[in-house]
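59 is the number of the first residue of the sequence shown in my numbering; add one for each residue after it.
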Amino acid sequence: MLSKLMRRKRLVVPSLLGMALIGMLSLTPLLNNAHAQAQVGKDALPPVKVLIITMFPPETQAWLSQGTWKLVSKSVGSIDSDDGVVYCQISNNKCNGVYLTRTGLDKVNAATSMMAVLRDPHLSFKNAYFLTTGTAATPPYSEGTPGFVAWANWVIDRDQGTHVIPETAPDYPLGYQPPNTSFPDNTANFHLNTELVQKAYDLTANLKLADSPQAQAERKRYPDQANRKPVVARCDTVTSDSYIVGSKLSEQTKYIAAKLSDNSAHYCTMEDEDSAVTSVLHRFSFQPGGPNYLQCYLNLRGATTFDQPPPGQSVEEFIAEHFRVNDLVLGNIRLAASAVIEKYLLQHPCQND
Numbered sequence: 059m060l061s062k063l064m065r066r067k068r069l070v071v072p073s074l075l076g077m078a079l080i081g082m083l084s085l086t087p088l089l090n091n092a093h094a095q096a097q098v099g100k101d102a103l104p105p106v107k108v109l110i111i112t113m114f115p116p117e118t119q120a121w122l123s124q125g126t127w128k129l130v131s132k133s134v135g136s137i138d139s140d141d142g143v144v145y146c147q148i149s150n151n152k153c154n155g156v157y158l159t160r161t162g163l164d165k166v167n168a169a170t171s172m173m174a175v176l177r178d179p180h181l182s183f184k185n186a187y188f189l190t191t192g193t194a195a196t197p198p199y200s201e202g203t204p205g206f207v208a209w210a211n212w213v214i215d216r217d218q219g220t221h222v223i224p225e226t227a228p229d230y231p232l233g234y235q236p237p238n239t240s241f242p243d244n245t246a247n248f249h250l251n252t253e254l255v256q257k258a259y260d261l262t263a264n265l266k267l268a269d270s271p272q273a274q275a276e277r278k279r280y281p282d283q284a285n286r287k288p289v290v291a292r293c294d295t296v297t298s299d300s301y302i303v304g305s306k307l308s309e310q311t312k313y314i315a316a317k318l319s320d321n322s323a324h325y326c327t328m329e330d331e332d333s334a335v336t337s338v339l340h341r342f343s344f345q346p347g348g349p350n351y352l353q354c355y356l357n358l359r360g361a362t363t364f365d366q367p368p369p370g371q372s373v374e375e376f377i378a379e380h381f382r383v384n385d386l387v388l389g390n391i392r393l394a395a396s397a398v399i400e401k402y403l404l405q406h407p408c409q410n411d
């Protein structure tokens, strides 16, 4: 009898806890809605014309330091209190449709924040553009150099596929075998809207970008880099949660980018988030009649450093040196992005429905 009573108590307690949990979950949309209302206030937010996507504080601050911005939505349940927040740019005392968010570093944080922002019931993304503006590393043999910026045609995920030590698997060139990318939910490679990328490049190709003595000195340490200057380029970005450093890994990254794009992608920037951002944008098109956000996405990355040490320096020394020209490249990114926003994106709503 005692054992039966004990079993019954064990059943009753979890049942009560389960009912309480269900009740709490049923209130979650209301709580989130109330939270969002508290951020928005009485005035409804205008539709998003452009969502600028940044990843970590210096990238976000590069925009917030220019003009007037208003916090319109706070993140809920984020690891960092500022990941997933949304600001709107203020012109003539009202929101002008240019919004700014910060995702947090690496793919998991980027995907989580983007999904939360796109699901915000008080933000309308109909006819919106999405624009990533962030820092990256660049290989010295590419179009890249510290201070340059690049519009990507392709976003490639380096981490997917089979990675082995090359010497142990001769049939795997450079130690890599690509994943099967034929599945609908493939997130290894994304070919961006060619016409939109070309338009962004055409509007910015002749911009005069800033340079710095620090960047010039760094270039002199690398063959064929000494006389380079920051320019606006059109080449491709590769995402990895790992910090990839060294000439062999750089060559492997170049190979992976080409392999996953039928030799179309030309690796010139390495970052940590963009395949996650594009995956979330693409995911929305899976819904019946869902929006094609990915067709309205632009990716602008700028190089703060190289992805390998110069000749004569070890990888360990290069990492310890931690050379970066963040301020230089963030200014150049903002210059190029602002030109495209003002001259095209605000004038021509994107047809993403």
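Cβ atoms here follow ideal geometry from the backbone N, Cα and C, with glycine treated the same way. Nothing here was measured: the structure is a model prediction, and the numbers come from that model.
Checking 7 Å against the spacing of the C-beta atoms, do TYR313 and LEU232 come in under that value? yes
State the beta-bridge partners of VAL156 as determined by DSSP. VAL108
Please report the residue range of the alpha helix (DSSP H) in which TYR259 lies. 252-262
With a 10 Å radius around its C-beta and 16 neighbouring C-beta atoms as the bar for buried, classify ARG177 as buried or exposed. exposed
Using DSSP with H/G/I as helix, E/B as strand and the rest coil, what is LYS128? strand
Proximal residues to VAL398 (C-beta, below 6 Å), its chain only, five neighbours per side dropped: ALA258, LEU261
Going by alpha carbons, who is nearest to ALA268 out of GLN345, THR362, VAL255, LYS278? THR362
Extent of the continuous alpha helix (DSSP H) to which SER300 belongs: From DSSP, SER300 is part of no alpha helix (DSSP H); its letter is neither H nor E.
Report all residues from its chain with a CB closer than 8 Å to the CB of VAL14; omit the five preceding and five following residues, and keep chain order. Nothing about residue 14 can be reported from this structure: the residues present for the chain run from 59 to 411 only.
Assuming LEU189 and LEU356 make a contact with CB atoms under 8 Å, what is their CB distance in whole Å? 5 Å
Ordered along the chain, which non-local residues of its own chain (more than five positions away) have a Cβ less than 6 Å from that of CYS408? ASN185, TYR187, CYS354
State the DSSP-derived secondary structure class of LEU79, mapped to helix, strand or coil. Residue confidence is low: LEU79 scores 35 on pLDDT, short of 50, so the model does not pin down where it sits. No coordinate-derived value is stated.
With C-beta atoms as the reference, is THR327 less than 7 Å away from THR203? no
Beta-carbon proximity list for TYR402, same chain, < 8 Å, skipping 5 on both sides: LYS257, ALA258, LEU261
Quick check on the burial criterion: 16 or more other C-beta atoms within 10 angstroms. Buried or exposed for GLU400? exposed
In the DSSP output, what is SER149 paired with across the bridge? LYS152
Would you mind reading off the limits of the alpha helix (DSSP H) that contains TYR313? 305-317
Rank PRO116, PHE114, ALA120, PRO115 by C-alpha distance to the C-alpha of SER396 and give the top, closest one. ALA120
Go through its chain and collect everything with a Cβ distance to ASP332's Cβ below 7 Å, but skip five positions before and after it. THR190, VAL213, THR295, THR297, ASN357
Could you tell me which whole alpha helix (DSSP H) segments of length 4 or greater appear in the region 315-399? 332-341, 373-379, 384-398
Would you list the residues sitting across from PHE292 in a DSSP beta bridge? Per the sequence shown, residue 292 should be read as Arg rather than Phe. DSSP, once it has assigned bridges, lists TRP209 as partnering ARG292.
Would the region 366-374 and the region 209-225 be scored as touching if the rule is three or more Cβ pairs under 8 Å? no
So, is ASN264 buried or exposed, given that buried needs 16 or more other C-beta atoms within 10 angstroms? exposed
Give me the Cα-Cα distance between TYR280 and LYS152, rounded to the nearest whole angstrom. 48 Å
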